[in-house]
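A short write-up of the structure that comes next.
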Amino acid sequence: MNFIKPHPPANTTYELRLNVPLLFILPNPSRTDTGVEANLLYAGVDPQVHEEHNLGEEEGANLHQDEEHHDYKAGGHSHDERWAWMQTEIERINTEQQRQGVEITGLRNDVLRGNRINEENNQMLRNMMQHLHLQGPPYGPQ
Amino acid sequence: MASRRMGKEPASSSGGPPSKRQATLRNHDIEFNTPEQRGRYKSLLSKPLHPCRYPDSYSMNKLGIRDNAYRLLSNLGWVELLRPMKRFENFTYEFLSSMAFTKDRLNFDNPDHSVSFRLMNIDYEMSLEKFCLEMGFANAGFIHDSWNHDLKPEAYNPATFWTRITGLTHYNSRSNKASNIHNLVLRYLQRVMSCTIWGRKEVGTTRTDELCMLWAMLSNNPVNTCYYLFDYLASIGAKFDNRAEIVVGGIIMFIARKFGVG
Chain A
339 MNFIKPHPPA
349 NTTYELRLNV
359 PLLFILPNPS
369 RTDTGVEANL
379 LYAGVDPQVH
389 EEHNLGEEEG
399 ANLHQDEEHH
409 DYKAGGHSHD
419 ERWAWMQTEI
429 ERINTEQQRQ
439 GVEITGLRND
449 VLRGNRINEE
459 NNQMLRNMMQ
469 HLHLQGPPYG
479 PQ
Chain B
842 MASRRMGKEP
852 ASSSGGPPSK
862 RQATLRNHDI
872 EFNTPEQRGR
882 YKSLLSKPLH
892 PCRYPDSYSM
902 NKLGIRDNAY
912 RLLSNLGWVE
922 LLRPMKRFEN
932 FTYEFLSSMA
942 FTKDRLNFDN
952 PDHSVSFRLM
962 NIDYEMSLEK
972 FCLEMGFANA
982 GFIHDSWNHD
992 LKPEAYNPAT
1002 FWTRITGLTH
1012 YNSRSNKASN
1022 IHNLVLRYLQ
1032 RVMSCTIWGR
1042 KEVGTTRTDE
1052 LCMLWAMLSN
1062 NPVNTCYYLF
1072 DYLASIGAKF
1082 DNRAEIVVGG
1092 IIMFIARKFG
1102 VG
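Residue numbers (this note's numbering), protein chains in the order written: chain A, 339 to 480; chain B, 842 to 1103.
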């Protein structure tokens, strides 16, 4: 999956990501110039990994924004190894989502019961809900 | 002493059939030529109408792809076509409800395609060649008709080209994800086409036409732009599916301006 996102820390430039790993910082006319045949297909990107992605474009981009960087050299892994890595990665994400879901439920229950939660927890709750594309609670004391 | 009834609407306006003026306003000022046009207009009204989205120079500059993208667009003569247009609603309904594209499938060497449509209640009927002339496009170049794959240019193979720009060996003309395209300029141009010429809400999948256009831009091969425009607009106008959405207003405004009515 190909997408661009602001390049930290200043976020004044952008970066092109392909199948999650960072490809290069934009602008970079020498790498985007369509007059160069090599720029039509960037080497070192595994198309098979790419083919498995069925996420919507924007949703996919958002999901990957805060994930850790997984880079692997082309040709360094066999297809089986890569497939095993993908399955492990999917399991890891599922587990993490379940854990966050439980945590969110707990925090929301606290709010519904009238228990005040501190601002740090509140911010964490909002961040997690944003990450999971959920509507967060309104700001301010409940 | 003023009557208490003064200033009230006449009784006939709140009940009974609408006045002629109200009906005209509701019909986007369109005077229907045929019952068929009225039927298509009613069908179109049930579909959401969305504005086109155009290439943004600021963003392209920021990404460092502006010159490259415009160079590819100019290969097909599309730079003027993709300038932002506004106030498109009336023209869109009138054009789509009235248009017809008659393809000459009998004469392959010198086909006599014809088009007809209404704009500002004026009927237009002409050959595709004349239409191209009015629009400033050449009535020449490649046509890759999705209904007739024999028409595609000899040097163009969609599956091979798809592999060339994505690295994927699997090609499916109905589900080629645009996000698989590696090069940022090509990806951007595919998005531009899916928001204007082949305007639609679902922009994640690459149409075969768009793929062909990317190939034509890269290889600097001319295409018959007007054929593609009419082919797609006719398919939008003829759709009776309420879930379909209309995202081609900007292109119709471009046509209207070329005919001096927009």
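Ideal Cβ placement from N, Cα and C applies to all residues, glycine included.
- By the Cβ neighbour-count rule, residue 1018 of chain B is buried, with 16 or more other Cβ atoms within 10 Å of its own.
- Assigned with DSSP and collapsed to three states, residue 339 of chain A falls in coil, not helix or strand.
- Taking 8 angstroms as the upper bound on Cβ-Cβ separation, chain A lies near residues 1007, 1008, 1009, 1010, 1011, 1018, 1019, 1020, 1021, 1022, 1023, 1024, 1025, 1026, 1027 and 1028 of the segment 1007-1030 of chain B.
- Put simply, the CB of residue 365 of chain A is near chain B, with a gap under 8 angstroms to one of its CB atoms.
- In the structure shown, residue 380 of chain A adopts coil according to DSSP, grouped into three states.
- Residue pairing by DSSP places residue 344 of chain A opposite A:352 in a beta bridge.
- Residue 1040 of chain B and residue 974 of chain B have their C-alpha atoms spaced approximately 23 angstroms apart.
- Interface criterion met: the Cβ of residue 377 of chain A is under 8 angstroms from a Cβ in chain B.
- For chain A, the residues of the segment 1040-1060 of chain B that bring a beta carbon within less than 7 angstroms of one of its beta carbons are 1045 and 1059, in chain order.
- Using a Cβ-Cβ cut-off of 8 angstroms, residue 905 of chain B counts as an interface residue toward chain A, since at least one Cβ of chain A sits closer than that to its own.
- Three or more pairs of CB atoms, one per stretch, sit closer than 8 angstroms, so the segment 1069-1082 of chain B contacts the segment 934-946 of chain B.
- Burial of residue 1095 of chain B is indicated by the presence of at least 16 other C-beta atoms within 10 angstroms of its C-beta.
- Nearest C-alpha to residue 1054 of chain B among B:1046, B:1044, B:997 and B:889: B:997.
- Using a CB distance cut-off of 8 angstroms, residue 913 of chain B counts as an interface residue toward chain A.
- Chain A has a Cβ within less than 8 angstroms of the Cβ of residue 1005 of chain B.
- Within the DSSP bridge table, the entry for residue 360 of chain A names A:355 as partners.
- Under the 8 angstroms criterion on CB atoms, residue 360 of chain A is classed as non-interfacial with respect to chain B.
- Here residue 352 of chain A really is in contact with residue 344 of chain A; their C-beta atoms are around 6 angstroms apart, less than 8 angstroms.
- Note that the C-beta distance between residue 898 of chain B and residue 912 of chain B is not below 8 angstroms.
- Rounded to the nearest angstrom, the gap between the Cα atoms of residue 421 of chain A and residue 466 of chain A is 28 angstroms.
- Residue 929 of chain B is positioned such that its CB atom lies closer than 8 angstroms to that of residue 1093 of chain B.
- In this structure, residue 904 of chain B and residue 1025 of chain B form a Cβ contact; the two beta carbons are roughly 7 angstroms apart against a cut-off of 8 angstroms.
- Rounded to the nearest whole angstrom, the CA to CA distance from residue 1085 of chain B to residue 419 of chain A is 43 angstroms.
- In the structure shown, residue 1064 of chain B falls within a strand segment according to DSSP collapsed to helix, strand and coil.
- Judged by beta-carbon spacing, residue 1004 of chain B lies within the 8 angstroms limit of residue 1010 of chain B, meaning their Cβ atoms are closer than that value.
- Nothing from the segment 915-934 of chain B brings a Cβ to less than 8 angstroms from some Cβ of chain A.
- Under the three-state reduction of DSSP, residue 957 of chain B is assigned to strand.
- Contact annotation, residue 896 of chain B with residue 923 of chain B: C-beta distance approximately 6 angstroms; criterion of less than 8 angstroms satisfied.
- Residue pairing from DSSP places residue 890 of chain B in a beta bridge opposite B:1087.
- Between the alpha carbons of residue 1014 of chain B and residue 443 of chain A lies a gap of roughly 43 angstroms.
- At least one CB of chain B lies nearer than 8 angstroms to the CB of residue 340 of chain A.
- In the DSSP assignment, residue 943 of chain B falls within the unbroken beta strand (DSSP E) covering 941-943.
- Annotation: residue 433 of chain A has no Cβ neighbours in chain B at a cutoff of 9 angstroms; minimum Cβ distance is about 26 angstroms.
- Membership of residue 908 of chain B in any beta strand (DSSP E) is not indicated; the residue belongs instead to the alpha helix (DSSP H) covering 907-916.
- Contact of residue 1062 of chain B with chain A is not assigned, every C-beta pair being separated by 8 angstroms or more.
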